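Read the structure below first, then the notes.
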Amino acid sequence: MGDWVNIEVRDSGAGIPPEVLPRVFAPFFTTKPAGVGTGLGLSICKDIVSGMGGTIGVESTVGLGTRFVVRLPSAIAPGAGKAASIVPLGAAGPRPRVLVVDDDAQVATSLARMLRLHFEVLTAQSGRAALELLASEPAIDALVSDVMMPDGNGLELQRALGGTRPELARRVVFVTGAASDGEVRASLERTGQPWLEKPVSSAALLALLTELVAGVSAGSTAST
Ligand SMILES: Nc1ncnc2c1ncn2[C@@H]1O[C@H](COP(=O)(O)OP(=O)(O)O)[C@@H](O)[C@H]1O
Ligand SMILES: [Mg+2]
């Protein structure tokens, strides 16, 4: 008919037992050990596909492998009015603005790429540059910040925001390559903010940011 696009992704892995299968799309459901699985990969896939008016299904045989089928409405539907049912991501209104802070331009670009479907992304290359940018661009909803940076590290940046923009200080996700350093890890834990180890999983980052931005906008309408 041409109204729908079917995308099939198959593997020859371990397969999913029948008692687990109905739960794989549930947020935070994982069979992986704590600290390994987030349980968010498939939940985010489902949200994205549903947001486009599509469906995602799974079939699996233990020992043989797993098959996911994504079904999306075609953008060029022959039937009149069919295309109107497609809701492009981010078309529902202005996207929240996220500032990505990393001294490694390549990392900043790759983080920005992960986020740009859902957020408007700005970048800065140090804690100091971030504070300067925030002074001229106050309309930032959340930050994703590296920790170790030569010119104003991420922890200092978050602490500085605590004094000037406390609501924004609670919307910082740290990303770090130094989580194996006990002191860095302890400092991160003390901030009370979520952090992710590099290389960052885009699903985990999106989930954390979405939660932070939604939590704050639902909990407080007075602050800007
Ligand atoms: N291709 C697959 N083969 C076998 N099991 C899978 C597959 N994809 C997902 N699963 C199962 O679904 C669970 C949830 O997946 P997901 O939402 O991506 O979270 P995570 O990968 O963090 O556990 C996994 O823990 C695993 O048990
Ligand atoms: Mg996964």
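Residue numbers (this note's numbering): 1288 to 1511. Where is the CB? At the ideal position from N, CA and C, for every residue including glycine. Because the structure is a prediction, the values reported are computed rather than measured.
| field | DSSP three-state assignment for I1294, whether helix, strand or coil | value | Along the sequence shown, read from residue 1 onward, the residue named residue 1294 stands at position 7. I1294: strand per DSSP, three-state reduction.
| task | Count the other C-beta atoms from every protein chain shown that fall within 10 angstroms of the C-beta of K1319, then say buried if there are 16 or more, exposed otherwise. | result | Locating residue 1319 in the sequence shown gives position 32, where the first residue counts as 1. Burial is judged here by how many other beta carbons sit within 10 angstroms of a residue's own beta carbon; K1319 has fewer than 16 and is exposed.
| said: Does any residue of chain C have a CB that is nearer than 7 angstroms to the CB of A1465? | reply: In the structure shown, chain C does not exist; there is a single protein chain.
| request: May I ask whether a heavy atom of ligand 1 can be found less than 6 angstroms away from the beta carbon of I1303? | output: Here residue 1303 is taken as the residue at index 16 of the sequence shown, counted from 1. Within the cutoff, so yes.
| From E1295, T1353, P1360, residue whose alpha carbon lies closest to that of G1340 | In the sequence shown, the residue the question calls residue 1340 occupies position 53. Closest in alpha carbon position to G1340, among E1295, T1353, P1360, is P1360.
| field | beta-carbon G1328 near ligand 2 non-hydrogen atom, thresh 6 angstroms | value | By 1-based counting over the sequence shown, the position of residue 1328 is 41. Yes, ligand 2 has a heavy atom inside 6 angstroms of this Cβ.
| field | Whether D1433 touches D1389 by CB criterion (7 angstroms) | value | For the purposes of this step, residue 1433 is taken as the residue at position 146 of the sequence shown. For the purposes of this step, residue 1389 is taken as the residue at position 102 of the sequence shown. It is a contact, given that the beta carbons lie within the stated cut-off.
| request: Return the chain-ordered ranges of every beta strand (DSSP E) run that is complete within the region 1423-1484 and spans a minimum of 3 residues. | output: For the region 1423-1484, whole beta strand (DSSP E) runs of length 3 or above, ordered along the chain, are 1429-1433, 1459-1463, 1482-1484.
| query | With 16 as the cutoff for other CB atoms within 10 Å, does F1315 come out buried or exposed? | reply | Your numbering for residue 1315 matches position 28 in the sequence shown. Around the Cβ of F1315, a 10 Å sphere holds fewer than 16 other Cβ atoms; the residue is exposed.
| task | Assign S1397 to one of three DSSP states: helix, strand, or coil. | result | One-based indexing of the sequence shown puts residue 1397 at position 110. Of the three classes helix, strand and coil, the one that applies to S1397 here is helix, per DSSP.
| field | Residue burial classification, R1446 (beta-carbon count within 10 angstroms, cutoff 16) | value | As a working mapping, residue 1446 is identified with position 159 in the sequence shown. With fewer than 16 Cβ atoms within 10 Å of its Cβ, R1446 is classed as exposed.
| field | Environment of P1375 [buried if 16+ CB atoms lie within 10 Å] | value | Position 88 of the sequence shown, counted from the first residue, corresponds to residue 1375. In this prediction, P1375 scores a pLDDT of 43, lower than 50, which makes its location untrustworthy; the coordinate-derived value is nonetheless stated afterwards. Flag for P1375 reads exposed.
| query | Around the Cβ of P1383, are there at least 16 other Cβ atoms within 10 angstroms (buried) or fewer (exposed)? | reply | Taking the sequence shown and counting its residues from 1, one reaches residue 1383 at position 96. By the C-beta density criterion, P1383 is buried, having at least 16 other C-beta atoms within 10 angstroms.
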